[in-house]
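Please read the structure below before turning to the comments.
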Amino acid sequence: MKIKTSILLSAIILGMSIVRVQAQTIPDFTGSKVTREEAQIALDFHNKVRTDVGVTTLTWSTDLAKFAQEWADHLASQGCDMQHRPRNGEWTQKYGENIFWGKGRDYSALDASKGWYSEIEHYTHGVLNSSNWSKTGHYTQMVWKSTTQVGIAVAKCSDGAIIIVANYNPGGNYMGESPY
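For the sequence shown, the working numbering gives the first residue as -7, with consecutive numbering after it.
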């Protein structure tokens, strides 16, 4: 009952209509410093925007959340420079990735998700290319048609800033393809 109540509460908080999807029970340990409730709300938001464009819903992955937490903690320990994982080396990027940075208050996974979603205003419903990807890449990763899992993590920087990392499996944002 707690999860169903959480989903309904998430729908009310987000001001969204209730979408009938198979409710996923997020484990008590999410894989990251994101709480179970925060994970549920962010997952519900992702699934609402995915449902809006007709793609399948995501499930929460504790493995992806753990992977995201490692990178968020690394960024926090390095001065909170917002950067994606490199293509090779110790911190090799294996999944799709969105990163959020904020300062001045405690930002949540939902805040980050809403920030990524806000890029929809620049999306022109076409294939990705070098001229349109940089303005919409976070949004298109959220709704990428073949992505099935997400994990989100949060870390606090020494100056009080917040870094939020989301990893998506499989990743998306392939040039020459449409997200949905």
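Cβ coordinates follow ideal geometry from the N, Cα and C atoms, glycine included.
Alpha-carbon spacing of residue i relative to residue j, whole angstroms
i           : j           : result
residue 169 : residue 59  : 26 Å
residue 76  : residue 107 : 17 Å
residue 61  : residue 147 : 7 Å
residue 110 : residue 98  : 19 Å
residue 116 : residue 163 : 21 Å
residue 63  : residue 44  : 30 Å
residue 96  : residue 66  : 21 Å
residue 103 : residue 81  : 31 Å
residue 46  : residue 28  : 26 Å
residue 74  : residue 114 : 22 Å
residue 90  : residue 139 : 13 Å
Close beta carbons around residue i, own chain, < 8 Å, minus the five adjacent residues each side
i           : result
residue 55  : 23 and 143
residue 42  : 48, 49, 50, 134 and 135
residue 101 : 26, 30, 31, 33, 34, 144, 146, 156 and 158
residue 141 : 50, 51, 52, 53, 56, 160 and 161
residue 125 : 132, 165 and 167
Burial state of residue i, where buried means 16 or more other Cβ atoms lie within 10 Å
i           : result
residue 53  : buried
residue 86  : exposed
residue 40  : buried
residue 19  : exposed
residue 38  : buried
residue 132 : buried
residue 151 : exposed
residue 36  : buried
Contact test: residue i Cβ vs the ligand GDP heavy atom, cutoff 7 Å
i          : result
residue 94 : Summarising the ligand content, the structure contains no ligands, and the ligand GDP is consequently not present.
Contact under 8 Å by Cβ, residue i with residue j
i           : j           : result
residue 129 : residue 165 : yes
residue 88  : residue 153 : no
residue 172 : residue 127 : no
residue 167 : residue 122 : yes
7 Å Cβ shell around residue i - same chain, five flanking residues per side excluded
i           : result
residue 57  : 22, 23, 24, 26, 143, 144 and 145
residue 119 : 168, 169 and 170
Chain-order list of residues whose beta-carbon lies under 6 Å from that of residue i (same chain, five-residue window excluded)
i           : result
residue 149 : 68 and 72
residue 83  : 77
residue 92  : 104, 107 and 156
Checklist entry - What are the start and end residues of each continuous alpha helix (DSSP H) run of 4 or more residues lying completely inside the region 51 to 109, in chain order? => result 54 to 69 and 101 to 109
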